[in-house]
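Asks: Below is a structure I'd like to ask you about.
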Amino acid sequence: MAAKFDNSIVRWIDHRLPIFSFMHHEMHEYPTPKNLSYWWNFGSLAGIALVIMIVSGIVLAMNYTPHVDYAFDSVERIMRDVNYGWLLRYMHMNGASFFFIVVYIHIFRGLYYGSYKAPRELLWMLGVVILLLMMATAFMGYVLPWGQMSFWGATVITNLFSAIPLVGDQIVTWLWGGFSVGNPTLNRFFSLHYLLPFVIVGVVVLHLVALHRFGSNNPLGIDVKSSKDQIPFHPYYTVKDAFGLGVYLIIFAGFVFFAPNFFGEPDNYIPANPLVTPPHIVPEWYFLPFYAILRSIPDKLGGVVAMFGAIAVLFILPWLDRSPVRSGQFRPIFKIFFWVLVVDVVALTFFGGKPPEGWYVTGARIATAYYFIHFLMILPLLSVFETPRQLPKSISEPVTGGGAGFAGATAAAREKV
Amino acid sequence: MADTHQGETRRDFLYVATAAVGAVGAASAVWPFIDQMNPAADVLALASIEFDTGTVAEGMAVTVKWRGKPVFVRHRTPTEIEEARDVPLDELRDPQTDASRVIKPEQLIVVGVCTHLGCVPLGQKPSDPRGDYGGWFCPCHGSHYDTSGRIRKGPAPRNLVVPEYKFVSDTVVRIG
Amino acid sequence: MIARIKTLAAAGLVASALAVPTFAVPAQAAGELEIAAQDWSFDGIFGTYDRAALQRGFQVYQNVCSTCHALKHIAYRNLADLGYTENEIKAIAAEKNVTDGPNDEGEMFERPAKPSDTFVSPFPNDNAARTANGGALPPDLSLIVDARKGGADYVYGVLTHYKDAPADVKVPDGMYYNTGFAGHQIAMPPPLFPDGVTYGDNTPATVAQQAHDVSTFLAWASEPNMEQRKRAGVMTILFLLIFTGLLYATKRKIWADVH
Numbered sequence: 001m002a003a004k005f006d007n008s009i010v011r012w013i014d015h016r017l018p019i020f021s022f023m024h025h026e027m028h029e030y031p032t033p034k035n036l037s038y039w040w041n042f043g044s045l046a047g048i049a050l051v052i053m054i055v056s057g058i059v060l061a062m063n064y065t066p067h068v069d070y071a072f073d074s075v076e077r078i079m080r081d082v083n084y085g086w087l088l089r090y091m092h093m094n095g096a097s098f099f100f101i102v103v104y105i106h107i108f109r110g111l112y113y114g115s116y117k118a119p120r121e122l123l124w125m126l127g128v129v130i131l132l133l134m135m136a137t138a139f140m141g142y143v144l145p146w147g148q149m150s151f152w153g154a155t156v157i158t159n160l161f162s163a164i165p166l167v168g169d170q171i172v173t174w175l176w177g178g179f180s181v182g183n184p185t186l187n188r189f190f191s192l193h194y195l196l197p198f199v200i201v202g203v204v205v206l207h208l209v210a211l212h213r214f215g216s217n218n219p220l221g222i223d224v225k226s227s228k229d230q231i232p233f234h235p236y237y238t239v240k241d242a243f244g245l246g247v248y249l250i251i252f253a254g255f256v257f258f259a260p261n262f263f264g265e266p267d268n269y270i271p272a273n274p275l276v277t278p279p280h281i282v283p284e285w286y287f288l289p290f291y292a293i294l295r296s297i298p299d300k301l302g303g304v305v306a307m308f309g310a311i312a313v314l315f316i317l318p319w320l321d322r323s324p325v326r327s328g329q330f331r332p333i334f335k336i337f338f339w340v341l342v343v344d345v346v347a348l349t350f351f352g353g354k355p356p357e358g359w360y361v362t363g364a365r366i367a368t369a370y371y372f373i374h375f376l377m378i379l380p381l382l383s384v385f386e387t388p389r390q391l392p393k394s395i396s397e398p399v400t401g402g403g404a405g406f407a408g409a410t411a412a413a414r415e416k417v
Numbered sequence: 001m002a003d004t005h006q007g008e009t010r011r012d013f014l015y016v017a018t019a020a021v022g023a024v025g026a027a028s029a030v031w032p033f034i035d036q037m038n039p040a041a042d043v044l045a046l047a048s049i050e051f052d053t054g055t056v057a058e059g060m061a062v063t064v065k066w067r068g069k070p071v072f073v074r075h076r077t078p079t080e081i082e083e084a085r086d087v088p089l090d091e092l093r094d095p096q097t098d099a100s101r102v103i104k105p106e107q108l109i110v111v112g113v114c115t116h117l118g119c120v121p122l123g124q125k126p127s128d129p130r131g132d133y134g135g136w137f138c139p140c141h142g143s144h145y146d147t148s149g150r151i152r153k154g155p156a157p158r159n160l161v162v163p164e165y166k167f168v169s170d171t172v173v174r175i176g
Numbered sequence: 001m002i003a004r005i006k007t008l009a010a011a012g013l014v015a016s017a018l019a020v021p022t023f024a025v026p027a028q029a030a031g032e033l034e035i036a037a038q039d040w041s042f043d044g045i046f047g048t049y050d051r052a053a054l055q056r057g058f059q060v061y062q063n064v065c066s067t068c069h070a071l072k073h074i075a076y077r078n079l080a081d082l083g084y085t086e087n088e089i090k091a092i093a094a095e096k097n098v099t100d101g102p103n104d105e106g107e108m109f110e111r112p113a114k115p116s117d118t119f120v121s122p123f124p125n126d127n128a129a130r131t132a133n134g135g136a137l138p139p140d141l142s143l144i145v146d147a148r149k150g151g152a153d154y155v156y157g158v159l160t161h162y163k164d165a166p167a168d169v170k171v172p173d174g175m176y177y178n179t180g181f182a183g184h185q186i187a188m189p190p191p192l193f194p195d196g197v198t199y200g201d202n203t204p205a206t207v208a209q210q211a212h213d214v215s216t217f218l219a220w221a222s223e224p225n226m227e228q229r230k231r232a233g234v235m236t237i238l239f240l241l242i243f244t245g246l247l248y249a250t251k252r253k254i255w256a257d258v259h
């Protein structure tokens with residue numbers, strides 16, 4: 001059903017550049033499963049979070065000086081003298097944490113409901129690329145205020161690359177532009193920090209194109225069978241996303257206005273000093289699980305490999321978990337292991353913030369080992385041995401009839417795990 | 001979907017109310033992003049400067065920096081003041097009496113930016129050319145200003161701008 | 001119903017996961033730090049800076065702390081927040097000299113500070129500061145409340161926990177025993193004494209009072225815009241609550257035919 005526009009100017013434009021037809025199709029006609037829960041709000045929230053970061057970042061960049069002698073002071077000038085500067089800076093600072101909160105929930109939603117399974121493998125992998133770009137952007141962004149944590153976090157993480165055999169040291173010198181983290185490093189981090197968010201926008205566009213190819217997954221994990229299972233995106237999900245945005249903004253405003261330094265480190269209010277290392281170098285909270293994995297391996301290169309491996313494992317997930325049943329709702333054993341994974345990631349976050357002493361070391365190692373066991377052993381085994389519950393016939397008829405289950409025929413013959 | 005007329009009105013009112021509240025919210029949210037480009041507090045703090053005209057001897061002139069621009073403070077001689085007052089207004093491209101351009105007649109304070117295209121006119125130093133009217137001469141395109149800083153010859157359209165100023169003591173002037 | 005409970009439980013789990021990093025803070029150095037929570041006028045969502053305390057605290061800073069500690073992110077004009085008039089601020093600024101220049105002869109010269117200048121530092125640079133203080137660097141105090149875990153409580157704690165060292169602890173020369181400071185030994189001699197400062201408003205200048213006032217002043221110095229922030233926060237969240245309520249009603253209305 002093509003759109004017909006009343007306004008002649010709109011028609012003139014649309015005939016030459018079909019932007020209005022495109023919007024009409026994607027919003028009014030694009031069929032969405034009618035049973036999406038609030039766990040499906042987090043994709044649009046991530047998009048809004050990205051916009052907030054870009055807009056606040058651009059105005060901050062109008063007032064920031066990317067030079068080691070001026071950076072810290074320019075941020076203080078923003079906080080004290082620039083009109084509403086304190087608000088823009090706190091929005092950007094807390095916006096980063098909220099962006100990661102939203103994306104992590106979005107990822108765990110995907111893990112639980114099998115959104116990474118065929119035919120959405122590429123959609124999932126593009127998402128992992130977005131996560132990697134976010135991590136690079138956030139890492140470089142944290143260096144810009146040039147506080148103690150900015151400097152020492154940059155030093156520790158860039159030093160990791162020296163673990164690469166043969167060319168490691170040259171690569172680190174190349175990254176630094178010198179013999180330690182210094183002004184060349186700060187300047188290039190500013191340039192790249194400004195660039196990468198727009199690369200993220202590009203990958204998000206690809207992510208949405210891939211999404212619209214087959215449409216959204218849904219809590220039941222079964223394919224849409226007919227138009228009875230669907231509703232147009234607008235107005236149903238536009239209004240639901242708007243409501244979700246309202247709730248998000250309330251919580252966001254709560255932190256920005258009343259606890260703006262909750263997610264931060266006091267040490268970053270001390271100007272960077274290359275001669276004094278803070279007693280405990282801690283990255284921002286959203287890096288803590290990866291930091292814990294990094295430190296769990298006693299070997300430097302091994303730690304780096306494990307840390308990147310933790311993300312690599314997400315990339316290949318569609319091929320690790322081959323169960324034809326998508327949604328955790330119908331996979332009783334998978335469901336338990338999913339929650340164990342959540343606890344494991346929380347544990348890794350906890351250990352990442354602790355000094356590597358005493359029982360914290362053992363705990364972090366166990367949590368690291370379990371993380372890889374979950375993806376590399378448990379999921380593949382579950383795909384083979386788990387007996388899923390009976391799937392409903394369709395989204396509109398959630399009450400299951402007899403014998404029409406999805407994996408019924410082969411599952412009955414297997415042992416329950 | 002059948003709806004009573006009342007139901008439709010109620011539903012429409014809700015949508016209109018939500019959209020209106022949303023618009024107010026959006027406008028309030030946009031304002032900080034626009035206002036942050038306005039001069040910040042440290043820039044505004046330098047919007048006024050104080051200068052002691054007592055340091056300028058008669059016949060001499062000093063250039064002071066104000067809001068990033070040069071300001072000429074000239075301690076005029078009685079001859080220069082006479083000359084400025086004697087000019088008939090119909091000879092002026094931008095008619096202004098000398099009295100309207102000064103608070104104390106011996107202290108002429110004007111912004112040293114040519115009103116043609118923005119160069120800084122010469123005439124502050126004793127060795128500078130002062131043009132045909134004893135004031136200032138702009139070397140860029142040949143504008144001549146008189147001892148009241150008024151344009152007399154050349155392409156400039158207006159007199160040298162007199163900034164807002166007041167004397168906070170007998171000799172100390174606050175500009176801006 | 002069960003789905004709702006599960007959703008809330010999951011949200012709770014995520015929320016506590018977020019709270020976990022707050023406890024995952026660096027372990028204290030040897031010796032427990034005594035940081036007791038104080039009552040501050042600026043606590044809470046409606047907190048404000050007590051102007052009288054700010055002025056007294058500023059007096060303490062000027063008379064005691066500014067001998068060694070800089071406050072370079074505060075300009076004299078910022079003292080308008082404390083309630084001082086323009087002339088009072090000009091007078092406060094003019095008490096100190098600032099190096100300006102070069103003049104037309106190419107020389108640097110001294111002139112009295114103006115309201116637009118930032119607070120004059122006691123030392124020209126860190127090396128000079130260290131030399132004057134036995135190798136220890138008195139930190140700039142502009143952000144001290146933000147730069148320490150515990151904030152104003154911590155600053156108050158350091159100022160009020162100078163004690164005699166227990167018999168088994170050896171305190172070297174030039175150091176002082178303080179249970180509010182990491183490692184329990186601090187290079188700063190006790191800065192506050194009863195009646196060390198004579199308050200303009202005749203408040204009794206006990207050590208606790210001086211510590212309270214200067215901590216309030218330093219909290220303001222770390223974040224002069226706090227009151228504007230909290231005011232804007234109250235308005236923003238009230239607005240958002242109304243707006244989100246309207247959005248929820250709209251959502252229910254639109255979804256009525258699907259449910």
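Residue numbers (the numbering used here), protein chains in the order written: chain V, 1 to 417; chain R, 1 to 176; chain L, 1 to 259.
Yeah, the Cβ is synthetic: ideal placement off N, Cα and C, and Gly gets one too.
1. Just to confirm, is the Cβ distance from L/Asp213 to L/Gly44 under 9 Å?
2. Could you compute how far the alpha carbon of V/Ile316 sits from the alpha carbon of V/Tyr237?
3. R/Ala99 by DSSP, collapsed to three states: which one?
4. Among V/Ile130, V/Ala312, V/Ile395, which has the Cα closest to the Cα of V/Lys225?
5. Would you verify that the beta carbon of L/Leu240 is, or is not, closer than 9 Å to some beta carbon of chain V?
6. 9 Å is my cut-off, CB to CB: does L/Ala29 come that close to chain R?
7. Using a Cβ-Cβ distance cut-off of 9 Å, determine whether V/Val256 contacts chain L.
8. Indicate whether at least one CB of chain V lies closer than 9 Å to the CB of L/Glu223.
9. Verify the CB distance criterion: does L/Phe243 have a CB-CB separation below 9 Å to chain V?
10. Considering only the alpha carbon of each residue, which of L/Ile35, L/Met188, L/Thr48, L/Arg51 lies closest to L/Arg130?
11. What does V/Val82 touch in chain R if you count any residue whose Cβ is under 7 Å from its own?
12. What residues of chain V sit near R/Pro32, judged by a beta carbon separation below 8 Å?
13. Output the boundary residues of the beta strand (DSSP E) element that contains R/Lys69.
14. Evaluate contact between the region 46–53 of chain V and the region 85–102 of chain V, counting only Cβ atoms and requiring at least three cross-stretch pairs below 8 Å.
15. Over the uninterrupted alpha helix (DSSP H) stretch that includes V/Arg213, give me the two end residues.
16. Since V/Met79 meets chain R, which of its residues come closer than 8 Å, beta carbon to beta carbon?
17. Please tell me whether V/Ala306 and V/Thr368 are closer than 9 Å, where the distance is taken between their beta carbons.
18. Using three-state DSSP, classify L/Cys68 as helix, strand or coil.
19. Using three-state DSSP, classify V/Trp319 as helix, strand or coil.
20. For R/Lys65, which option in R/Pro163, R/Val168, R/Leu117 has the closest C-alpha, if you only look at C-alpha atoms?
21. Chain V partners of L/Tyr49, CB-CB under 8 Å?
22. Residues of the region 66–77 of chain V in Cβ contact with chain R at a cutoff of 9 Å, in chain order, please.
23. Does chain V have any CB closer than 9 Å to the CB of R/Val43?
24. So with CB distances below 7 Å, who are the chain L contacts of V/Leu249?
25. Should the region 230–247 of chain L be called in touch with the region 163–178 of chain L, which here means at least 3 C-beta pairs below 8 Å?
26. Looking at R/Val73 and R/Thr97, is the spacing between their C-beta atoms short of 9 Å?
27. Secondary structure at V/Tyr286, three-state DSSP: helix, strand or coil?
28. Determine the direct distance from the alpha carbon of V/Pro332 to that of V/Val340, and round the result to whole angstroms.
29. Near V/Ser323, which residues of its chain fall below 6 Å by C-beta distance, leaving aside the five closest residues on each side in sequence?
30. Taking a contact to mean a Cβ-Cβ separation below 9 Å, would you say V/Ser115 touches V/Asn217 in this structure?
31. Quick check: what's the CA-CA separation for L/Pro204 versus L/Leu218?
32. On the CB-based measure, 16 or more other CB atoms within 10 Å of its CB, does V/Trp86 come out buried or exposed?
33. What residues in the region 143–175 of chain V have a beta carbon less than 9 Å from any beta carbon of chain R?
34. Identify the continuous alpha helix (DSSP H) that holds V/Gly363 and give its terminal residues.
35. Under three-state DSSP, which class holds L/Thr179?
36. In chain order, what residues of the same chain have a beta carbon less than 8 Å from the beta carbon of L/Ala93, not counting five sequence neighbours either side?
Replies: In this structure, then:
1. No. Outside cutoff.
2. Roughly 31 Å between the two C-alpha positions.
3. In the structure shown, the three-state DSSP call for R/Ala99 is helix.
4. Selected option, being the one with the closest Cα: V/Ile395.
5. With a threshold of 9 Å between beta carbons, L/Leu240 makes contact with chain V.
6. Because L/Ala29 carries a pLDDT of 40, less than 50, the predicted location of this residue cannot be relied on, and the following value inherits that uncertainty. Among the CB atoms of chain R, none fall inside 9 Å of the CB of L/Ala29.
7. With a threshold of 9 Å between beta carbons, V/Val256 makes contact with chain L.
8. Interface residue, yes.
9. Contact of L/Phe243 with chain V is assigned, a C-beta pair being separated by under 9 Å.
10. If we check each option's Cα against that of L/Arg130, L/Met188 comes out closest.
11. Under the 7 Å cutoff, chain R gives Gln36, Ala40.
12. Annotation: Cβ neighbours of R/Pro32 in chain V (cutoff 8 Å, chain order): Asn83, Tyr84, Leu87, Leu88.
13. Here the beta strand (DSSP E) through R/Lys69 covers 69–75.
14. Yes, since at least three Cβ pairs between the region 46–53 of chain V and the region 85–102 of chain V fall closer than 8 Å, the two stretches touch.
15. Where V/Arg213 is concerned, the enclosing alpha helix (DSSP H) starts and stops at 183–214.
16. Near V/Met79 there are no residues of chain R at all, since even the closest Cβ is about 11 Å away, more than 8 Å.
17. In this structure, V/Thr368 lies closer than 9 Å to V/Ala306 by Cβ.
18. Reduced to three states, the DSSP call for L/Cys68 is coil.
19. Correct three-state label for V/Trp319: helix.
20. Closest option to R/Lys65, Cα to Cα, is R/Pro163.
21. Contacts between L/Tyr49 and chain V, judged by CB atoms closer than 8 Å, are missing: the closest CB pair is about 15 Å apart.
22. Going along the region 66–77 of chain V in chain order, one finds Arg77 with a Cβ nearer than 9 Å to chain R.
23. Chain V, which has a Cβ nearer than 9 Å to the Cβ of R/Val43, makes this yes.
24. Chain L residues near V/Leu249: Leu240.
25. Cβ pair count under 8 Å is below three, so no.
26. In this structure, R/Val73 does not lie closer than 9 Å to R/Thr97 by Cβ.
27. Reduced to three states, the DSSP call for V/Tyr286 is helix.
28. Going by the C-alpha atoms only, they are around 13 Å apart.
29. If you ignore the 5 residues before and after V/Ser323, its C-beta comes within less than 6 Å of the C-beta of Ser383, all in its own chain and listed in chain order.
30. Going by beta carbons, V/Ser115 and V/Asn217 fall inside the 9 Å limit.
31. If you draw a straight line from the Cα of L/Pro204 to the Cα of L/Leu218, it comes to about 20 Å.
32. Within 10 angstroms of the beta-carbon of V/Trp86 lie 16 or more other beta-carbons, which makes it buried.
33. Residues: none.
34. That run of the alpha helix (DSSP H) goes 359–373.
35. In this structure, L/Thr179 counts as coil in the three-state DSSP scheme.
36. Sequence-distant Cβ neighbours of L/Ala93 in its own chain, meaning closer than 8 Å and more than five residues away, are Tyr76, Pro112, Ala113, Lys114, Pro115, Asp117.
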